[in-house]
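Chemist: Residue numbers (this note's numbering), protein chains in the order written: chain A, 1213 to 1606; chain B, 1498 to 1897.
To start, I am sharing the structure in question, which I have written as structure tokens.
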């Protein structure tokens, strides 16, 4: 301990010298690597490693537009493009070799067929091929005003409406006793646990489609943990969490999850992977009604204003609209994965918060925390979410 | 024509050392332009090809940016019609023929007749010089394939002899793997080019000796193992044996029309097409199909034929992985001589023939009663066509 106090008292200029030494060492190592070429003996004549990830596919009247990202050991060149096993003309924007991490768009004037499958195959200069399947070809929705409005309507239907319906049960639920209140809070924990798993799974799936550069799984886990820790820190700034603050937290977590739900619906539009039937839309709506109840649960002992309900419904349901817009524009998967990971982290934080709230309100009585009303609430939360989710899984 | 000799790449693994440059000047020049093509090589095309050689890399880069420009740069005379025949279904850019060291247009008529001497017995002796060589070639614009070649080109040199000639093929292996020349023809066991009979290691030399028979359209290829790999890497070439008219008195006139060097033969517009394909990612399926290696080469630059003179194609199929290949001629019918070993057609008046691997034959047809213009030819496996194997005949009136 005495050494550190000596260091602290020594002149700062001398201490900075200790930064110079490692810096010079790494610079020397880098220049040796480039100038001396010590790796020469490892070169065995093998072709460079090549990797190409398809990030975005847009279909329109001009044909197929794919955005690809390179991840090779050396800059790679796209030599030709095949669509459905036929060489097709294309324009690469920007042209030239793709260095590691660089992206380019390939505009292919291919007469794709509505509702049918196509396969794009990129051939590089070394003859390596990278293929991407378009399971069902439909025009990517353009960002025109009409399209945006109808997507917003659909988003409101699957996001805002069910949350609002759930919140409308507030006067009815107000009459429940302590056990009933605990039951509803536990139900919220159960539904949030479902949403956490769902968001996390979706985030991992999207991350798996991203370029290796983004280290999918690591990116998702770290983003979720970071979101969890940051939100926990923020919420603990204020002592004595009110029911209203808790409701806002739940609404935020659910909102981020609904963003993911919107992304999924919009994305399936863009990919043509799903025809969105009335049944499916209804499924999403039913599925999300429970979320409104969850948001309302911590407010049952308070006297909220009407405006608060409007705000909560918009925060929890509104992101479904934004998600739908983003999803239909076929945004690169890594950005969507990050968004959903933040959602998962936020949901985990609310779960911890709710359990803490339940614990506090049980006045440290562990038996009461694991009592019948709480356990049955959690189980029912799982069951309702799982069952209603069956309506929307194809 | 020294430049293509300088392109010869000696494999770093090769133990064979070449003492000096002049030693490489074997046989006849590789790229003798076809006698019937020469009148059509106008100044404009020569200028275009020299630009392509000079600024090939820049031209390629530019071509990738603007596919529209290709049609113009490839066929300045009738670019739009050529391009529209296949629309956008075409490779983008152009292959650097100069860097490859061979031009698919010249491969069509590039006969290698060897060095001719007379044996004491009065029999003609033809000596051919062939070597195996590792070489990276551009098989479609921008796609580089690590090929194994005969004489630095794919397909290898078109060896042409006359029925009854004594043949000596001096084969040197300058490649990095064992190779051989297995001829489809009549020869003894020791000359078969299989392991133990003329299969040689890198740096070694072997002389194949046999008589040229039967007359017909044949081929040679490497018979080293694994066969599949050696074949699809590019080790094959065409071997033509012209009939000796004196041995076929009842059809002497027909035989003379097949015999290179006769006035009857000069009337014909002869060319070779070796249908081949390349598995560029080594997954057991071909990515690029072509006749004479370069995808779309005869689509982007159609083969000019004179309307009034008959056409003869020596067609050979050597594709690996796919069981058959075929040839379909648009707007016309032809007579087909399976393996070319007869002087009367084995399949008269057809517009489509099928060939399994190593099957080959001679196609004879004329555009005498056709209007001039572009006539397509391709295999009638759409997949092969769409992956590069398609071409055009540009039928023109005789130029005075």
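For each residue, glycine too, the CB sits at the ideal point set by N, CA and C.
Every value quoted in this text rests on a predicted model; they were computed, and no experiment measured them.
Give the residues from the segment 1583-1612 of chain B that approach chain A closer than 9 Å (Cβ to any Cβ), ordered along the chain.
Modeler: Listed in sequence order: 1584, 1585, 1586, 1587, 1588, 1589 and 1590.
Chemist: Quick test of the definition: if touching needs 3 or more C-beta pairs under 8 Å, does the segment 1717-1734 of chain B touch the segment 1841-1849 of chain B?
Modeler: No contact exists between the segment 1717-1734 of chain B and the segment 1841-1849 of chain B.
Chemist: Taking the alpha-carbon of residue 1474 of chain A as reference, which of A:1353, A:1602, A:1312 and A:1364 has the nearest alpha-carbon?
Modeler: For the residues A:1353, A:1602, A:1312 and A:1364, the minimum Cα distance to residue 1474 of chain A belongs to A:1364.
Chemist: Specify the secondary structure class of residue 1330 of chain A as computed by DSSP and reduced to three states.
Modeler: In the structure shown, residue 1330 of chain A sits in a strand (DSSP, three-state: E or B).
Chemist: List the residues of chain A that residue 1784 of chain B touches, going by C-beta distances under 9 Å, in chain order.
Modeler: Those within 9 Å of residue 1784 of chain B in chain A are 1292, 1294, 1333, 1335, 1339 and 1341.
Chemist: Beta-carbon within less than 6 Å of residue 1367 of chain A's beta-carbon, same chain only, minus the 5 sequence neighbours each way: which residues are those?
Modeler: 1474, 1532, 1533 and 1536.
Chemist: Under a three-way DSSP split, which group does residue 1515 of chain A fall into?
Modeler: Coil at residue 1515 of chain A, not helix or strand.
Chemist: Using 8 Å for Cβ pairs, my map puts residue 1802 of chain B next to residue 1892 of chain B. What's the rounded Cβ distance?
Modeler: Yes, they are in contact, since the Cβ atoms of residue 1802 of chain B and residue 1892 of chain B sit about 6 Å apart, within 8 Å.
Chemist: Which chain B residues are close to residue 1299 of chain A, counting only those with a beta carbon under 9 Å from its beta carbon?
Modeler: Under the 9 Å cutoff, chain B gives 1586, 1587, 1588, 1589, 1637, 1785, 1792, 1793, 1883, 1884 and 1885.
Chemist: Any chance the segment 1404-1423 of chain A sits against the segment 1549-1567 of chain A, with 3 or more Cβ pairs inside 8 Å?
Modeler: Enough Cβ pairs lie closer than 8 Å, so yes.
Chemist: Do you know offhand how far residue 1624 of chain B's Cα is from residue 1773 of chain B's?
Modeler: Each residue's Cα considered, the two are about 27 Å apart.
Chemist: Among B:1642, B:1710 and B:1647, which has the Cα closest to the Cα of residue 1779 of chain B?
Modeler: The option with the nearest alpha carbon to residue 1779 of chain B is B:1642.
Chemist: In chain order, what residues of the same chain have a beta carbon less than 7 Å from the beta carbon of residue 1514 of chain A, not counting five sequence neighbours either side?
Modeler: Contacts found: 1455 and 1456.
Chemist: Listing by chain order, which chain B residues have their CB less than 7 Å from the CB of residue 1321 of chain A?
Modeler: Within 7 Å Cβ-Cβ: 1585.
Chemist: Would you mind listing the alpha helix (DSSP H) stretches within the segment 1719-1804 of chain B that are 4+ residues and don't spill past its ends, in chain order?
Modeler: 1724-1729, 1749-1755, 1760-1763 and 1794-1797, all fully within the segment 1719-1804 of chain B.
Chemist: If you draw a straight line from the C-alpha of residue 1516 of chain A to the C-alpha of residue 1479 of chain A, how long is it?
Modeler: Cα to Cα, residue 1516 of chain A sits roughly 37 Å from residue 1479 of chain A.
Chemist: Using only CA atoms, which one of A:1593, A:1371, A:1494 and A:1511 lies nearest to residue 1603 of chain A?
Modeler: Answer by Cα proximity: A:1494.
Chemist: Looking at the C-beta of residue 1874 of chain B, does it have a partner C-beta in chain A at a distance below 8 Å?
Modeler: Judged by the 8 Å Cβ criterion, residue 1874 of chain B is not in contact with chain A.
Chemist: Determine the extent of the alpha helix (DSSP H) in which residue 1603 of chain B is found, giving its start and end residues.
Modeler: Start and end: 1601-1604.
Chemist: Determine whether the beta carbon atoms of residue 1766 of chain B and residue 1804 of chain B lie at a separation below 8 Å.
Modeler: No.
Chemist: Assign residue 1401 of chain A to one of two classes, buried (16 or more other C-beta atoms within 10 Å of its C-beta) or exposed (fewer than that).
Modeler: Buried.
Chemist: Secondary structure at residue 1814 of chain B, three-state DSSP: helix, strand or coil?
Modeler: Three-state result, residue 1814 of chain B: strand.
Chemist: Quick one: is residue 1875 of chain B buried, meaning 16 or more other Cβ sit within 10 Å of its Cβ, or exposed?
Modeler: The residue in question, residue 1875 of chain B, is buried, as its Cβ has 16 or more Cβ neighbours within 10 Å.
Chemist: Are the segment 1429-1436 of chain A and the segment 1286-1303 of chain A touching by the rule of at least three beta carbon pairs closer than 8 Å?
Modeler: The segment 1429-1436 of chain A vs the segment 1286-1303 of chain A: no contact.
Chemist: What is the DSSP secondary structure of residue 1707 of chain B, counted as helix, strand or coil?
Modeler: Residue 1707 of chain B falls in the strand class under three-state DSSP.
Chemist: Could you tell me the distance, in whole angstroms, from the CA atom of residue 1755 of chain B to the CA atom of residue 1775 of chain B?
Modeler: So the two alpha carbons sit approximately 31 Å from each other.
Chemist: List the DSSP bridge partners of residue 1270 of chain A.
Modeler: A:1277, per the DSSP bridge assignment.
Chemist: For residue 1292 of chain A, list the residues DSSP reports as bridge partners.
Modeler: Looking at the DSSP assignment, residue 1292 of chain A forms a beta bridge with A:1335.
Chemist: DSSP puts residue 1850 of chain B in a beta bridge; with which residues?
Modeler: DSSP output for residue 1850 of chain B lists B:1824 as bridge partner(s).
Chemist: At a CB distance below 9 Å, what residues from the segment 1795-1821 of chain B approach chain A? Give them in sequence order.
Modeler: The residues in question: there are none.
Chemist: Quick one: Cα of residue 1786 of chain B to Cα of residue 1407 of chain A, how far?
Modeler: Answer to the nearest angstrom: the Cα atoms are 51 Å apart.
Chemist: Taking a cut of 7 Å between CB atoms, which residues from the segment 1623-1652 of chain B lie near chain A?
Modeler: Within the segment 1623-1652 of chain B, the qualifying residues are 1637, 1638, 1639, 1640, 1641 and 1642.
Chemist: Can you pull the chain B neighbours of residue 1289 of chain A, defined as C-beta to C-beta under 7 Å?
Modeler: Residues of chain B passing the Cβ test: 1639.
Chemist: Between which two residues does the alpha helix (DSSP H) harbouring residue 1305 of chain A extend?
Modeler: First-last for residue 1305 of chain A: 1303-1305, but that is the beta strand (DSSP E), not the alpha helix (DSSP H).
Chemist: Looking at C-beta atoms only, is the number of pairs between the segment 1707-1714 of chain B and the segment 1629-1637 of chain B that lie closer than 8 Å three or more?
Modeler: Output reads no: the segment 1629-1637 of chain B does not touch the segment 1707-1714 of chain B.
Chemist: Return the bridge partner residues of residue 1428 of chain A from the DSSP annotation.
Modeler: For residue 1428 of chain A, which the question treats as bridged, DSSP gives no partner whatsoever.
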